[in-house]
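Here our numbering is used: the first residue of the sequence shown is 9, the next is one more, and so on. Data first, discussion second: the structure below is written as structure tokens.
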Amino acid sequence: MAVMNVNPTRMELTTLKKKLVTARRGHKLLKDKRDELMRQFLLLVKENKALRKTVEEKMKRANAFMALASGEMSDSEINVALMLSGQKVGVELKKKNVMSVSVPEYTFNRRLGEDDGGFSYGFAFTSGDLDEAIRIYTSLSEDLLRLAEVEKTCQLLAREIEGTRRRVNALEHVLITDYEDTIKYISVKLEENDRSNITRLMKVKDMMLEKAHNYN
Numbered sequence: 009m010a011v012m013n014v015n016p017t018r019m020e021l022t023t024l025k026k027k028l029v030t031a032r033r034g035h036k037l038l039k040d041k042r043d044e045l046m047r048q049f050l051l052l053v054k055e056n057k058a059l060r061k062t063v064e065e066k067m068k069r070a071n072a073f074m075a076l077a078s079g080e081m082s083d084s085e086i087n088v089a090l091m092l093s094g095q096k097v098g099v100e101l102k103k104k105n106v107m108s109v110s111v112p113e114y115t116f117n118r119r120l121g122e123d124d125g126g127f128s129y130g131f132a133f134t135s136g137d138l139d140e141a142i143r144i145y146t147s148l149s150e151d152l153l154r155l156a157e158v159e160k161t162c163q164l165l166a167r168e169i170e171g172t173r174r175r176v177n178a179l180e181h182v183l184i185t186d187y188e189d190t191i192k193y194i195s196v197k198l199e200e201n202d203r204s205n206i207t208r209l210m211k212v213k214d215m216m217l218e219k220a221h222n223y224n
């Protein structure tokens with residue numbers, strides 16, 4: 009039993025009861041927040057797993073096509089073909105709110121060349137395997153950006169879940185328990201004081217009756 013260091017008065021009892029109601033309401037809100045954060049977190053973990061699998065599969069395919077292209081073209085030919093980019097890319101960073109947690113939101117902006125379809129070389133002296141590798145690597149960009157966004161969001165949500173869990177436990181096992189124990193202690197003290205006052209008044213009444221009627 010953890011009793012707070014307070015005066016056992018009716019005013020203090022009323023104040024503690026109000027604080028207990030507020031603490032219980034806050035506890036419920038934090039539990040609801042924790043549960044919703046957990047739901048969002050599990051959804052993102054599932055998406056993260058699927059995205060990682062997709063990225064790994066695409067990377068394997070792209071590397072396989074690049075290996076085939078390396079067998080058909082010399083290193084110097086591949087270096088010349090990839091020397092210049094046929095695309096202009098950019099990343100736009102925004103913030104969004106998920107249960108009071110500010111998480112990143114990335115937008116991938118790509119602008120292809122006017123005549124080359126995004127390729128930095130002509131198709132006359134290059135391998136079709138190189139073309140396919142470039143296509144897959146290009147499609148990987150958005151997947152990798154989304155994967156980075158999801159993983160960062162998972163990290164932030166996990167940190168917030170842990171903090172919320174600690175606050176829920178502190179309210180449930182410390183603050184609310186202390187309020188309840190202290191309210192019980194003050195109530196018992198006030199009842200004892202009431203009984204003592206009643207006993208004292210009865211004794212005073214008996215003394216006054218004895219004095220008024222000369223009771224022995």
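In this text, a Cβ means the ideal position worked out from N, Cα and C, and glycines have one as well. All figures in this text were calculated on a predicted structure; none of them were measured in a lab.
Check: CB-CB length for L50 against V109, believed under 8 Å; Outcome: About 15 Å; that fails the 8 Å criterion.
Check: Beta-carbon spacing of L45, I169 below 7 Å; Outcome: yes
Check: Closest residue to N117 among S149, E55, D139, M107 (Cα-Cα distance); Outcome: S149
Check: Straight-line Cα distance separating K26 from L52; Outcome: 39 Å
Check: N13 versus M19: straight-line alpha-carbon distance, rounded; Outcome: 15 Å
Check: P16 in three-state terms, based on DSSP; Outcome: coil
Check: Unbroken alpha helix (DSSP H) run spanning N5, endpoints; Outcome: The structure shown does not extend to residue 5, since the chain spans only 9 to 224, so no value can be given for it.
Check: Alpha-carbon spacing of E140 relative to V97, whole angstroms; Outcome: 19 Å
Check: Element boundaries [alpha helix (DSSP H), containing V176]; Outcome: 136-178
Check: Test item: CB-CB of L59 and Y114 under 7 Å; Outcome: no
Check: Contacting residues, own chain, Cβ-Cβ under 7 Å from E35 (five flanking each side not counted); Outcome: The sequence as given places His at residue 35; Glu does not occur at that position. Excluding sequence neighbours, H35 sits near V176, L179, E180, I184.
Check: L38 versus R174 - alpha carbon distance; Outcome: 10 Å
Check: Residue closest to G136, alpha-carbon to alpha-carbon, out of A70, R203, Q48; Outcome: A70
Check: Nearest candidate by alpha-carbon position, reference R42, set A166, T23, E200, L209; Outcome: A166
Check: DSSP state of V63 mapped onto helix, strand, coil; Outcome: helix
Check: Where V111 falls: helix, strand or coil (DSSP); Outcome: strand
Check: Among S78, K66, K103, nearest to K160 - alpha-carbon criterion; Outcome: K103
Check: Cβ shell of C162 (< 8 Å), same chain only, five flanking positions each side left out; Outcome: F49, L52, V53, N56
Check: Beta-carbon proximity check, L21 vs I206, cutoff 7 Å; Outcome: no
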